[in-house]
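Under our numbering, the residue at position 136 of the sequence shown is numbered 353, and the numbers go up by one with no gaps.
Beta carbons: idealized from backbone N, C-alpha and C, even for Gly.
Working notes, beginning with the structure itself.
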Amino acid sequence: MSHFLLVESKEILEKQPTVVTSVETETANQLQRLNNQLRKQLYDLHNLFEITLELNSILDENQLLHAYLLNLFGLLSPKIALILLNSENDPHTFTPICYRGLSQEKARHLTIHSTDKFLEIFSKNKQVVTVEEQPNDNMAIDYLKKVQSVGGYLIAPLTRRNKYMGLIILGEKFNKRTYSQSEKEMFSLLTNFLAVALSNVRLYKEMERVSVTDPLTNLFNRRYFENFLQNEIARARRFNQPLSLVMMDVDYFKNYNDVLGHPAGDKLLKDLAKVLKKTARRSDIVARYGGEEFCVILPQISGKGASSFSERLRNIVYTYPFQKREIQPGGHLTISLGVATYPYDAMMMKELIHKADTALYHAKKTGRNKVVLYSQLQ
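Below you can see the structure in the form of structure tokens.
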């Protein structure tokens, strides 16, 4: 009996190392898996931190959107990606602004209006959804079918302070694997980062616009005008090209203001600003110089060309149906204009402004409602 006990005890002792080794191996494997998960999480957090820094450092909207898409492709490897945004001109329509992996025609197919049933349902959860998550509404399903038809798979809302800014759509992954929950969460985080960065870019752009814009007429202000003129003179000098400056003043503006009041005078200046913008070329710079005085920078335009432009502008203003224009002397609202041209009349900015202003002063003193070139005063 004792012999059998000894043999059995010996067999148990011999098996114990195997059992211990198996437990150690499984424990080691679990630790390795945990270690790998931690490493990946740290890697993802590091990437998210770097991406956040990059996005927050960009002040141009197009650059921001392209950088965002590039990072999305690097982290999540989608086959397609596109960003739909609204605009100031049409805040209720979300159109493809930036996209990769699909044609312009297919991207435009995903344009969506703010009243679309899909957005109404989508706005309630504000989470990443897949095209497979069918809502209980046929009209909402229609948009998901559109997304699916161009290869889209994941959709994330781009929101800031409970307002829709747009949508981000990703296609399936290149490796054909489904998106993991952590990848969906990362996509959601990246979308939130973009919403903040995009809001900052637009705020910066608006502040920049306000800093160079006359608040009454929405034309460029004097500060911007002088900076631009300085740069344009330098460019004209470098490329040996002419540059003309037109300065103008509303004739008898005090009479108009005194009779009709300041609100009417302000409206007149705003209406005149619209006429100037409409008459000038896209490459021209129209600014309010001060009071009822305006100016137009005409790049690559000689004195002769500036004279033709000024005469055309004078005639347009003369015939334009400004409110209560009949109270003005002669029954029309008129402007006087002075023209100076680089390099023939002046070589430096201040000198060019002075010469154009001198020509304007001469136009005012010799009858008004006329164009005077500084070269005519020589």
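Integer-rounded CB distance, given that residue j should sit under 8 Å from residue i
| i | j | result |
| --- | --- | --- |
| Leu301 | Ile329 | 7 Å |
| Gly388 | Tyr370 | 6 Å |
| Val413 | Ile386 | At roughly 20 Å, the Cβ-Cβ gap does not stay under 8 Å, so Val413 and Ile386 are not in contact. |
| Ser524 | Val556 | 6 Å |
| Leu415 | Tyr381 | Actually they are not in contact, since the Cβ atoms of Leu415 and Tyr381 sit about 12 Å apart, beyond 8 Å. |
| Ile338 | Ala357 | 5 Å |
Secondary structure of residue i, DSSP reduced to three states
| i | result |
| --- | --- |
| Ser366 | helix |
| Phe456 | helix |
| Ala597 | Past the boundaries of the shown model lies residue 597; the chain is included only from 218 to 595, so the question cannot be answered. |
| Ile372 | strand |
| Leu590 | strand |
| Val413 | helix |
| Tyr396 | coil |
| Met382 | strand |
| Thr347 | strand |
| Leu387 | strand |
| Ile552 | strand |
| His579 | helix |
Per-residue burial, residue i [other beta carbons within 10 Å of its own, 16 or more giving buried]
| i | result |
| --- | --- |
| Thr434 | buried |
| Pro480 | exposed |
| Lys401 | buried |
| Gly520 | buried |
| Ser366 | exposed |
| Asn306 | exposed |
| Phe456 | exposed |
| Ser427 | The residue you asked about is not Ser; residue 427 is Val in the sequence shown. Val427 comes out exposed. |
| Asp483 | exposed |
| Thr558 | buried |
| Tyr396 | buried |
| Tyr421 | exposed |
| Leu486 | buried |
Chain-order list of residues whose beta-carbon lies under 8 Å from that of residue i (same chain, five-residue window excluded)
| i | result |
| --- | --- |
| Arg325 | Thr312, Pro313 |
| Ile544 | Asn472, Tyr473, Val476, Leu477 |
| Leu436 | Thr430, Ala490, Leu493, Lys494, Val503, Ala504, Arg505, Phe511 |
| Phe290 | Ala298, Arg317 |
Sequence-distant residues of the same chain with beta carbon closer than 6 Å to residue i, five excluded per side
| i | result |
| --- | --- |
| Glu510 | Asp466 |
| Phe410 | Thr269, Leu272 |
| Gly383 | Leu301, Leu302, Phe311, Leu375 |
| Glu278 | Val418 |
| Ile518 | Ser461 |
Any chain D beta carbon closer than 8 Å to residue i
| i | result |
| --- | --- |
| Ala451 | This model lacks chain D altogether; it includes just one protein chain. |
Any non-hydrogen atom of the ligand ADP closer than 7 Å to residue i Cβ
| i | result |
| --- | --- |
| Ser416 | This structure simply doesn't include the ligand ADP, nor any ligand for that matter. |
Own chain residues within Cβ distance below 7 Å of residue i, not counting five before or after
| i | result |
| --- | --- |
| His549 | Tyr535, Arg542 |
| Asn392 | Ser294 |
Ordered list of alpha helix (DSSP H) runs contained in the stretch 282–333, each at least 4 residues: Taking only runs of at least 4 residues, the alpha helix (DSSP H) segments lying wholly in the stretch 282–333 are 321–325.
Ordered list of alpha helix (DSSP H) runs contained in the stretch 416–497, each at least 4 residues: Every alpha helix (DSSP H) stretch that sits fully inside the stretch 416–497 and reaches 4 residues is listed by chain position as 439–456, 470–477, 479–496.
Segments assigned beta strand (DSSP E), at least 3 residues, entirely inside the stretch 494–550: Taking only runs of at least 3 residues, the beta strand (DSSP E) segments lying wholly in the stretch 494–550 are 502–507, 510–516.
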